[in-house]
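Heads up: the sequence shown begins at 1 in the UniProt record's numbering, then just goes up one per residue. Glycine included, C-beta positions come from ideal geometry on N, C-alpha and C. It should be emphasised that the depicted structure is a prediction, and the values quoted were computed from it without experimental measurement. Written below as structure tokens is the structure these notes are about.
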Amino acid sequence: SELDMLGIVNAVVVSKGRYGRTKEISLSVPIEETEHVLLSDSRLGDIENAQPFVQARFDN
1 SELDMLGIVN
11 AVVVSKGRYG
21 RTKEISLSVP
31 IEETEHVLLS
41 DSRLGDIENA
51 QPFVQARFDN
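This is the structure in structure tokens:
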């Protein structure tokens, strides 16, 4: 991905055996610096007070 090529995130494909492969993504830069840059962008300034949706339960 572009973020991986820029060195912002690190993405590694990991084998989980019979559960298949998955991509583990970690942040390569300090979270405080990332937050400051995102909030200083005029297009993204409204995300400061955003609350992400958290799934409370699984329905089968």
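Return the bridge partner residues of residue i from the DSSP annotation.
{"i": "Glu24", "result": "Val12"}
Indicate the three-state DSSP secondary structure (helix, strand or coil) for residue i in the structure shown.
{"i": "Ser42", "result": "coil"}
{"i": "Val37", "result": "helix"}
{"i": "Gly7", "result": "coil"}
Who are the near neighbours of residue i in its chain, counting only those whose CB is closer than 6 Å to its CB and skipping five residues on each side?
{"i": "Ala11", "result": "Asp4, Lys23, Ile25"}
{"i": "Arg21", "result": "Val13, Ser15"}
{"i": "Leu44", "result": "Leu38"}
{"i": "Glu48", "result": "Leu39"}
Among the options, whose alpha-carbon lies nearest the alpha-carbon of residue i?
{"i": "Gly7", "options": "Val14, Leu44, Ser28, Val13", "result": "Ser28"}
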